[in-house]
Amino acid sequence: MAKKREPRKAAAGSDDLEVLHPERTAVIAGRKITVREYGFVEGLRLQPKAEPIVAALQGFIGVEGTILDAVLAVAAEHADAVVHLLAVAADVEDEWVESLGQADGHLLLMMWWGANGPFYLRRAALQWLAAQAPAGATSTPPSSAPATEAPPTSAG
């Protein structure tokens, strides 16, 4: 009787670099492309272009379907912005992205989402949570009285 094989476990810390700097590399349209995660300041500069995408992703929170369905729908709705954001992450020209065929374009889109999806999902989730909070200022309740009163001091 055959023995069931245990899946190999990755060495501790083997994916640390992937978590810190998720990059995806592939040959697309004959060109070796590395799609990288946006840096902090770069992400700040891209926010105005990314905001419509973030807002559209919020519309998929709590909706049945896969994240892939949401990404494809949002990418189609905001194609011009996505082209630019893809180009920035891949260090290529917008025109090169626009010239890609269906299969290569889809591969680039999936690589971009793999490297930068958390950037968009984090912003969408935070904005969605902020929208769920009650409107207006909330006050903190007063502190409760001490559980026991201090013992009286003796006068003499």
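Following the working numbering, the numbering of the sequence shown begins with 10 at its first residue and continues without gaps. No residue lacks a Cβ here, since even glycine has one placed at the ideal position from N, Cα and C. Source: prediction; values computed, not measured.
Non-local beta-carbon contacts of proline 31 in its own chain, meaning distances under 7 Å to residues more than five positions away in sequence, involve Glu46, Gly123 and Ala124 in chain order. With a beta-carbon spacing of about 16 Å, isoleucine 42 and valine 91 fall beyond the 8 Å limit used to define contacts.
Residue Phe128 holds the alpha-carbon nearest to the alpha-carbon of leucine 94 among Gly71, Phe128, Ala38 and Gln136.
Partner residues in the beta bridge of arginine 33, as assigned by DSSP, are Val44. Taking one beta carbon from each stretch, the segment 77–91 and the segment 50–67 have 3 or more pairs nearer than 8 Å; the two touch. Assigned with DSSP and collapsed to three states, alanine 96 falls in helix. Taking a 10 Å sphere around the C-beta of isoleucine 76, we find fewer than 16 other C-beta atoms and assign the residue as exposed. Non-local beta-carbon contacts of alanine 133 in its own chain, meaning distances under 6 Å to residues more than five positions away in sequence, involve Val63, Leu66 and Gln67 in chain order.
In this structure, aspartate 113 and alanine 38 form a Cβ contact; the two beta carbons are roughly 5 Å apart against a cut-off of 8 Å. A distance below 6 Å between beta-carbons, with the five flanking residues on each side excluded, links isoleucine 70 to the following residues of its chain, in chain order: Trp137. About 12 Å separates the CB atoms of leucine 118 and alanine 35; that is not less than 8 Å, and the two are not in contact. Here glutamate 86 carries a helix assignment [DSSP, helix/strand/coil].
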